[in-house]
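Chains as they are written, first to last, in the numbering used here: chain L, 1 to 204; chain S, 205 to 1670.
Don't be surprised by glycine CBs; every beta carbon is placed ideally from N, CA and C.
Quantities reported herein were computed from a predicted structural model and do not represent experimental measurements.
The structure appears right after this line, and notes come after that.
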Amino acid sequence: MRNHLAEPRLLERAALSCYQPPPTALGRTLARFGRPPPSPPLGRGGAISLRRNRCRHEITGDRSIILKTMSASFYFVIVGHHDNPVFETEWLPPGKVESKDDHRHLNQFIAHAALDLVDENMWLSNNMYLKTVDKFNEWFVSAFVTAGHMRFIMLHDVRQEDGIKNFFSDVYDLYIKFAMNPFYEPNSPIRSNAINLNILFPKF
Amino acid sequence: MAQCVQSVQEFLQDAFVPLVAALCSDEAERLTRRNGLSFAELVKPFCRLTSEVHMRDPNNQLHIIKNLKIAVNNIITHPPQPGAIRKLLNDVVSVSQPAEGLVANVITAGDYDLNISDRSIKASVPWYSNWKETLMELNTSTFYTATTPWFESYRESFLQSMPASDHEFLNHYVACMLVVSSSEPEPVEQFLKLSQEQHRIQHSSDYLYPKWFIPNTLKYYVLLHDVSAGEEQRADSIYEEMKQRYGTQGCYLLKINSRVSNRGVDEQIPDPWSQYLQKNSIQNQESYEDGPYTVISNKSADHLISDGLDIDIRDGLSNNFKAHPLQLDHPSDTSGTLDGTDFIKTTPSLHESKKSSSGTPHGACLTLTDHDRIRQFIQEFTFRGLLPHIEKTIRQLNDQLISRKGLSRSLFSATKKWFGGGKVPEKSINELKNTSGLLYPPEAPELQIRKMADLCFLVQHYELAYSCYHTAKKDFLNDQAMFYAAGALEMAAVSAFLQPGAPRPYPAHYMDTAIQTYRDICKNMVLAERCVLLSAEILKSQSKYSEAAALLIRLTSEQNIWMGMDSDLRSALLLEQAAHCFINMKSPMVRKFAFHMILAGHRFSKAGQKKHALRCYCQAMQVYKGKGWSLAEDHINFTIGRQSFTLRQLDNAVSAFRHILINDSKQPAAQQGAFLREYLYVYKNVTQLSPDGPLPQLPLPYINSSATRVFFGHNRRPAEGEKQAATHISLDQEYDSESSQQWKELEEQVVAVANKGIIPSNFQPTQYCLNSYSDNSRFPLAVVEEPITVEVAFRNPLKVPLLLTDLSLLWKFQPKDFNVKHNEETKELGVCGSDVIGAEVIAEFLINSEETKMARLKLFPHQTGELHILGVVYNLGTIQGSTALDGLDPSIGMQTGKLVSNGLSVRGRQDLEIQGPRLNNTKEEKTSIKYGPDRRLDPIITEEMPLLEVFFINFPTGLLCGEIRKAYVEFVNVSKCPLTALKVVSKHPEFFTFGGNTAILTPLSPSASENCSAYKTVVTDSTSLHTALLSSASSGDFGVGTGSQPEVIHVPLLDSVLLPGASVQLPMWLRGPDEEGVHEINFLFYYESIRKHSKMCHRVLRHTAVICTSRSLNVRATVSRSNALEDEEGRGDNMLVFVDVENINTSETGVKEFHVVQVSSNSKHWKLQKSVKVSEDKDTKLASRERAKLCFKAVRCKSFDETYTFADIVFGNEQIISSASPCADFFFRSLSSQLKRAHVQSNTHASQAAAKQSFEAVRLIQKCSEVDLNIVVLWKAYVVEDSKQLILEGQHHVALHTIGKEAFSFPQKLEQPEMVLLKFFRPENTPAPTRPTPEQLSNLIKTSLRYPESFNHSFHQKSLCLVPVTLLLSNCSQADVDVIIDLRHKTTSPEALEVHGSFTWLGQTQYKLQLKSQEVYSLQLKACFVHTGVYNLGTPRVFAKLADQVTLFETSQQNSMPALIIINNI
């Protein structure tokens, strides 16, 4: 079992060496790591400031879609090799926070149930991004499987393929950097603030 | 989907069977009732045909019917109520539960072990590493199946309870049995009556229900004959009559009840009804569904049985069969919902009657022959009556259709074409909605074909049925009669599937369309559900599990309520089946399974099926457990807890709630509060059930057991006024490994002294406070009647505060008398208020959210013995309005002592189990993981010991460096034992003294000593100024130098015993340490009991004094050899002592000036003789930053062993007797500490140079430049403090060791090089000084020349001037020295050249002498001058060597000073 566990880590490392993020993206992410920008509150202001940072991408066209965050809610989880949640976060539109509170466990249930389909779909696709794999009531489940077999699951109630794809690749970027930390044991819960996905969320 | 007992084919066949109505006369009913069964029930077990039947289809082809089953039902003239059906289904499901206690075998595969009631499921995640293996395993393994009997019962009941619909004929009655008893007076009449009755029911417009297949229903006449009661001939004759009347194929004589009711023989008869018992009851309920009517009939039946027969009543009853239902049903129909409630009310009574009847076995009057007769009867009925009837009907229908087909169809389509104008466009289902209401008349040709299809289906002629269904489907679709079309589609799909050899694939899309139509257009959920059940079963049989699951789930997502029947139960069951589908997939979808089980459980709980809900949640829990999906897990646990609680499975409930609380919860505070309250409530119920049981283990708050600290002894008494108690040790102090090591060393020292230099082998340092750092491998010792405090670290992991009330320790005690050898063993468990051990109870202890808090709990042992502290016991509760508490300051609540508990609290315990340290000494321990014992909580209570309390009075907090202050110490023995052998040990013995033997003169009470000098003084007259006053003392008088442990000081107690309750005040002098700064000085007081114990030999008391010192004086001194050889006594040895006193006080403390009042010397060999007056000042005053230089002459004095000579040179008019306390004490203390320091240094030197042979010589030579003079500078400081002038006194010590070397009053700081280069080679051995330095050698012999300073000589008279010169040689060393004096002039130095002219020594130019130690030798020389001038006479070169040494060290003794002589010419 130990050997199997070592494997994904190596894969992750290998992935890092071949994964070449676009230079601008790298630069931006490095900037985020080195000198954290004054993290904007999750309102419009934050979204605007980030949009300003991103104008170069919009020229290249890959980030031209900016999703409406005000109406949609998201739940994101990184699932480890033993079906254990490694990192969880949720992002709700401001008005919805209270009403959703008692249904938070439902997010987990849906995400967990979707793992079966993720595991099935990942062998059918060459891409890491698996698009929408499952649906439950109003929730869509999108997934992304890393080379090291970490599964990123995103629950969203609005279809936003490109935004989620970009989000996944950004998170992957962050995750690899985090996993390279020799003090981080793979599969253990990430408690660090280094992956502050709230910064990424307004991207949608 | 769960595997069923039946195969798919069986299931589908059984879902649709030919229905036969049974109409019984009351008498016939009574006959069957004797067996506890109705007629329908009676025949039920025999309704399946065991033999094959042949039938001819319309094309005259032979068709074989296998395993045909028919259903015989009592006629019910009222369609089942939805509410009743719901209730029925609910009951069916809740009655059917998984068998408990089955040993479940768990199979591990992949990441999950699943254990699903009676089977274990192999489940695996297709995870890449073991993907392949899993697949292999799955292929090779035989699948076990999980049965879900509740689902099957539900399905069967559901299908049976399905109301007959107009659009299909499958559950329309095909035939009707008319049953009459032979015992009736006019059976034939009765048959006629029943026949009319049947006709009325079928054809009268009053009855819409039940539905009949075809207008002329087959009537089958059955004569029941009770063998035990009736006459057989009569029955036979009636039967003959019947045969004549209805033909042999239309009637039957059934003989039953051939056994005389006899209980004793019952057991041998098999009870075929028992397996139908469940279903029987369903059937009964179904038959009783029109509640009030059946109740009455039942009652009347009872009447009949009890009262015997009364024809009038019976007639009325048989009438009631027709008349009463209507009368009674009508109001219930109109009242609508009321009927449901009525029904619910009445059914329990029915149930009970059922139960009571089911207690008696069924068929009590039937023998095996009777069973065979019934079987024969059914067979006969089917073969002779039913099937020919069906065959005939099919033929008729077929003929009708063939004749009508071409005509009507073409005509119809033609007219359509004609008027519709072309082809009817395909319409979407939504558009067709409005056409769903289309109703065909009962005799419509489209329905005829459907009727035929249904009949074919019922007799298993599936090919024909399919083609008919297919045709009918087309017709219906053409007519856009969607409701009918859906039915046709459904059955077409089923019959296509059932066709033997399966010529075409199962048309799943037919089913899908049917379901959609039923659900969306017709809003008929019951039919949709039937479709789903059928389709799912078919798909499942084809291993299309995902499709089946999708189908099942699709139906459940329907949230609407259909006709007042909420869909929870159905959804729950279907979801569960879907979950089973997921797990049965080729690659099992375990997580989908779990999720759908959760959903199913949720629905079950909504439907009130608690057991099923609990089971679903438990099964799902297996997947979620321990993965970290905490919110999901919490939800599951919470539901499990709730359901378990309502099912009174309290233990499960408790453990489930416990899980929620002890896991790191991510729930918000309000939710946690709710969880906690629920948990407490459940727990309370558990404890109320078994109030005498052992206290439950509570999960909250967490206890960090390793942080538990145990403290033995009383709390420290606070300082009282000037009295300051010894700090000792308390739980408030943080553990500091450095200081604890220091204390340990101190204790070792004092114990060694107490035991005459040896530390006993069983010595263990006293530990008053045990924590995770202390050595807990031994049982700690506690003293009886002294409290034991245990500090428990509680942590509240929740976001709501926890309130512990009545918190106390739980203990076990074993009394033992340690003086008596044999021990009586009695054990007691901790109870408050016990007279053996008193326990302190904390009434309220609040732990705020996510807080770590310590609770200190006390025990008071009243007996000696072994105590074991087991844990804590408390009431766990929470406080009211936990959410509102954020604003509330808990400390306020604590102060008022009124924390509002919401009344919910449970009493429980938590054990304190402390894991010892990991052992890592032996190899075995290193390779395995072993832990040592931790006996922190197992103290041994020993006998009484004295207990000392120490108070310090007037103890200063700030001192000048070197300042002497007098304070008092009070020793109090607070115990009931006298104490003795009081000692104190400190790392800084030079800091304090209790005074020597001479100290008795000083005032003993602190009040008397105010404004009094700390020193002992004597007024001197001014004449003795600047000359030394001598006294002497030995170090032994001052308690110093008694062995190698100068740190240990005996406290001079009177009689060296302190009696119980007694207190003694002793003076204590303190001297400010020489270095400025804050000093922490540790005192360890050691004492013993007068009586010796086996367990505890001594006790200690700690005190840490904190002293802040500020700079005062800096004293430097040098000693140099005096050149003057002769003194007053003519002795050759005298020295000059220069003392430099500098005021380095930075005058912030208000020190105005320092006065040096006295300088004393003490030495074994030297003494100060007099002051060499430099200035005219009377005493030396030093303002800030001033420096004074004092010069003294010192001479050698006679020395006795170990006796120091004290010489005081007084500058004022008061002599401080330096040989008395405290001056001498501090002097000796500082001396010994210096000696120790020197000892350490010389040790290091010795290790290097001990081997050198020449070392001794060097030492000797070195020695002669050594002195052992100690200078004590006594001073007074004038301090202004609070506009009051204070005079402070103090003393500084300078120890002079080497001539010419400067000595300081404070230890010079060695400047540590900041960084040292690391050397990777072995440092070279620095050679020991094999050669004494010239400097040292020059000190060996002291020379001086004596000559006239100027010499007048008339060179005119005599050209040669002879001057006598005396060379004095003085041996400074202790050894004999060989001296060579060479007078031969050698100008070696350039300055000698400059000296004008030269002179010569006359006479012997070289002398060899030997000087004994300390010998002074004078040598007479003559110098000869030829010119006038100034000459330097210091040319003689003196070589010296130690007498017994080789010439190795011979070195010139240069006279450093020029000896100038002036030669004048007269």
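> Do you know how far the Cα of residue 1162 of chain S is from the Cα of residue 1219 of chain S?
Replying inline: Here residue 1219 of chain S refers to the residue found at position 1015 when the second sequence is read from its first residue. Here residue 1162 of chain S refers to the residue found at position 958 when the second sequence is read from its first residue. Rounded to whole angstroms, residue 1219 of chain S to residue 1162 of chain S spans 19 Å at the Cα level.
>> Below 7 Å on C-beta distance, what does residue 85 of chain L contact in chain S?
In response: Numbered from its first residue, the first sequence carries residue 85 of chain L at position 85. Those are 832, 833, listed as they occur along chain S.
>> What residue range does the alpha helix (DSSP H) around residue 675 of chain S cover?
In response: Within the second sequence, the letter at position 471 stands for residue 675 of chain S. Unbroken alpha helix (DSSP H) run through residue 675 of chain S: 666-682.
> Since residue 753 of chain S meets chain L, which of its residues come closer than 7 Å, beta carbon to beta carbon?
Replying inline: Against the second sequence, residue 753 of chain S aligns to sequence position 549. Those do not exist, as residue 753 of chain S stays about 11 Å from chain L at its closest Cβ, beyond 7 Å.
> Is residue 383 of chain S closer than 7 Å to residue 391 of chain S when the C-beta atoms are compared?
Replying inline: Numbered from 1 along the second sequence, position 187 holds the residue referred to as residue 391 of chain S. Numbered from 1 along the second sequence, position 179 holds the residue referred to as residue 383 of chain S. No, the pair does not count as a contact, with Cβ atoms beyond the cut-off.
> If you scan the segment 914-963 of chain S from start to end, which runs of the alpha helix (DSSP H) of 4 or more residues do you find wholly inside it?
Replying inline: 941-958
>> Quick check on residue 842 of chain S - is its C-beta less than 7 Å from some C-beta in chain L?
In response: Residue mapping note: residue 842 of chain S aligns to position 638 of the second sequence, counting from 1. Answer no: the Cβ-Cβ gap between residue 842 of chain S and chain L never drops below 7 Å.
> Does any CB atom of chain S fall closer than 7 Å to the CB of residue 56 of chain L?
Replying inline: Stepping through the first sequence from its first residue, residue 56 of chain L is reached at position 56. With a pLDDT of 35 at residue 56 of chain L, under the threshold of 50, the modelled position of this residue cannot be trusted; read the value that follows with caution. Chain S, which has no Cβ nearer than 7 Å to the Cβ of residue 56 of chain L, makes this no.
>> Below 6 Å, is the gap between the Cβ of residue 1620 of chain S and the nearest heavy atom of the ligand SAH?
In response: The ligand SAH is not part of this structure, which contains no ligands at all.
> Sorted by chain position, which residues of the same chain lie with C-beta nearer than 8 Å to residue 1470 of chain S's C-beta, five sequence neighbours on each side aside?
Replying inline: Counting from one through the second sequence, the residue named residue 1470 of chain S turns up at place 1266. Taken in chain order, the residues that qualify are 1501, 1502, 1503.
> What three-state label does DSSP hand residue 1188 of chain S in the structure shown?
Replying inline: On the second sequence, residue 1188 of chain S is found 984 positions in, with the first residue counted as 1. Strand at residue 1188 of chain S.
>> By the DSSP assignment, the beta strand (DSSP E) with residue 1268 of chain S in it spans what residues?
In response: As a position in the second sequence, residue 1268 of chain S is number 1064, starting the count at 1. If you look at residue 1268 of chain S, you'll find it in the beta strand (DSSP E) that goes 1267-1275.
> Could you check where the beta strand (DSSP E) with residue 1384 of chain S kicks off and where it finishes?
Replying inline: Position 1180 of the second sequence, counted from the first residue, corresponds to residue 1384 of chain S. From DSSP, the beta strand (DSSP E) with residue 1384 of chain S extends over 1384-1386.
> So what does DSSP say about residue 1582 of chain S, is it helix, strand or coil?
Replying inline: Residue mapping note: residue 1582 of chain S aligns to position 1378 of the second sequence, counting from 1. Three-state result, residue 1582 of chain S: strand.
>> Does residue 1182 of chain S come out as helix, strand or coil in the three-state DSSP assignment?
In response: To locate residue 1182 of chain S, count along the second sequence from 1; it is residue 978. It is coil, neither helix nor strand.
> Can you find a CB in chain L that lies within less than 7 Å of the CB of residue 799 of chain S?
Replying inline: As a first step, residue 799 of chain S is located in the second sequence; it is residue number 595 there, counting from the start. Yes, residue 799 of chain S lies at the interface with chain L (some Cβ there is under 7 Å from its Cβ).
>> Contact criterion: CB-CB distance below 7 Å. Does residue 839 of chain S meet it with respect to chain L?
In response: Here residue 839 of chain S refers to the residue found at position 635 of the second sequence. By this cut-off, residue 839 of chain S is an interface position.
> In chain S, which residues lie less than 9 Å from residue 112 of chain L when you measure between Cβ atoms?
Replying inline: By 1-based counting over the first sequence, the position of residue 112 of chain L is 112. Neighbours of residue 112 of chain L on chain S, chain order: 795, 798, 799, 827, 828, 831, 833, 836.
>> Whether or not the segment 1126-1141 of chain S and the segment 971-981 of chain S are in contact is what I'm after, with contact meaning three or more pairs of Cβ atoms, one per stretch, closer than 8 Å; do they touch?
In response: At 8 Å Cβ cutoff, the stretches touch.
> Which whole-angstrom value is the C-beta distance of residue 1628 of chain S and residue 1565 of chain S, which I expect to be below 8 Å?
Replying inline: For the purposes of this step, residue 1628 of chain S is taken as residue 1424 along the second sequence, with counting starting at 1. For the purposes of this step, residue 1565 of chain S is taken as residue 1361 along the second sequence, with counting starting at 1. Confirmed, Cβ separation roughly 7 Å.
>> Looking only at its chain, what residues have a beta carbon closer than 8 Å to the beta carbon of residue 962 of chain S, apart from the 5 residues adjacent to it on each side?
In response: Here residue 962 of chain S is taken as the residue at index 758 of the second sequence, counted from 1. Only 956 meet the Cβ criterion.
> Using the rule of at least 16 other Cβ atoms within 10 Å of the residue's Cβ for burial, across every protein chain shown, is residue 793 of chain S buried or exposed?
Replying inline: Position 589 of the second sequence, counting from 1, holds the residue named residue 793 of chain S. Residue 793 of chain S comes out buried.
> Hey, residue 1319 of chain S and residue 1498 of chain S are a contact pair by Cβ (cut 8 Å); roughly how many whole angstroms apart?
Replying inline: The count along the second sequence starts at 1 and reaches residue 1319 of chain S at position 1115. The count along the second sequence starts at 1 and reaches residue 1498 of chain S at position 1294. So it is a contact: roughly 5 Å between Cβ atoms.
> At a CB-CB cut-off below 7 Å, which residues of chain S make contact with residue 109 of chain L?
Replying inline: The residue you call residue 109 of chain L lines up with position 109 of the first sequence. Chain S residues near residue 109 of chain L: 799, 802, 836.
>> Against residue 104 of chain L, what residues of chain S qualify as contacts under a CB-to-CB distance less than 7 Å, listed in chain order?
In response: To locate residue 104 of chain L, count along the first sequence from 1; it is residue 104. Within 7 Å Cβ-Cβ: 835.
> Using CA coordinates, which residue listed in S:1310, S:1078, S:603, S:682 is at the minimum distance from residue 928 of chain S?
Replying inline: On the second sequence, position 724 is the one that residue 928 of chain S refers to. Here the closest residue by C-alpha is S:1310.
> Can you name the residues of chain S whose CB is closer than 7 Å to the CB of residue 186 of chain L?
Replying inline: Sequence index remark: in the first sequence, residue 186 of chain L carries index 186 (1-based). Going along chain S, no residue has its Cβ under 7 Å from residue 186 of chain L, so there is no contact; the nearest lies around 14 Å.
> Does the distance from the CB of residue 1430 of chain S to the CB of residue 1550 of chain S come in under 7 Å?
Replying inline: Within the second sequence, the letter at position 1226 stands for residue 1430 of chain S. Within the second sequence, the letter at position 1346 stands for residue 1550 of chain S. Contact flag unset, no.
> residue 189 of chain L touches chain S at which residues, Cβ-Cβ below 9 Å?
Replying inline: In the first sequence, the residue the question calls residue 189 of chain L occupies position 189. The answer, in chain order, is 832.
> Where does residue 163 of chain L land, buried or exposed, given buried means 16+ other C-beta within 10 angstroms?
Replying inline: Along the first sequence, one-based indexing puts residue 163 of chain L at 163. Residue 163 of chain L is buried by the Cβ-count criterion.
>> Give me the DSSP bridge partner(s) of residue 1364 of chain S.
In response: As a position in the second sequence, residue 1364 of chain S is number 1160, starting the count at 1. In the DSSP output, where bridge partners are listed per residue, residue 1364 of chain S has S:1412, S:1476.
> Would you call the CB atoms of residue 833 of chain S and residue 108 of chain L closer than 7 Å?
Replying inline: Here residue 833 of chain S is taken as the residue at index 629 of the second sequence, counted from 1. Here residue 108 of chain L is taken as the residue at index 108 of the first sequence, counted from 1. Yes, the Cβ-Cβ distance between residue 833 of chain S and residue 108 of chain L is below 7 Å.
> Taking the continuous beta strand (DSSP E) assigned at residue 1019 of chain S, which residues delimit it?
Replying inline: Taking the first residue of the second sequence as 1, we reach residue 1019 of chain S at position 815. Taken as a continuous stretch (DSSP letters only), the beta strand (DSSP E) holding residue 1019 of chain S covers 1006-1019.
> Looking at the unbroken alpha helix (DSSP H) that takes in residue 1605 of chain S, where does it start and where does it end?
Replying inline: Counting from one through the second sequence, the residue named residue 1605 of chain S turns up at place 1401. No alpha helix (DSSP H) contains residue 1605 of chain S, which is instead part of the beta strand (DSSP E) from 1604-1606.
> If you draw a straight line from the C-alpha of residue 1509 of chain S to the C-alpha of residue 1479 of chain S, how long is it?
Replying inline: For the purposes of this step, residue 1509 of chain S is taken as the residue at position 1305 of the second sequence. For the purposes of this step, residue 1479 of chain S is taken as the residue at position 1275 of the second sequence. C-alpha separation (whole angstroms): 13 Å.
> Where residue 380 of chain S and residue 720 of chain S are concerned, what is the direct C-alpha to C-alpha distance, given to the nearest angstrom?
Replying inline: If you number the second sequence from 1, residue 380 of chain S lands on position 176. If you number the second sequence from 1, residue 720 of chain S lands on position 516. Going from the Cα of residue 380 of chain S to the Cα of residue 720 of chain S covers about 35 Å.
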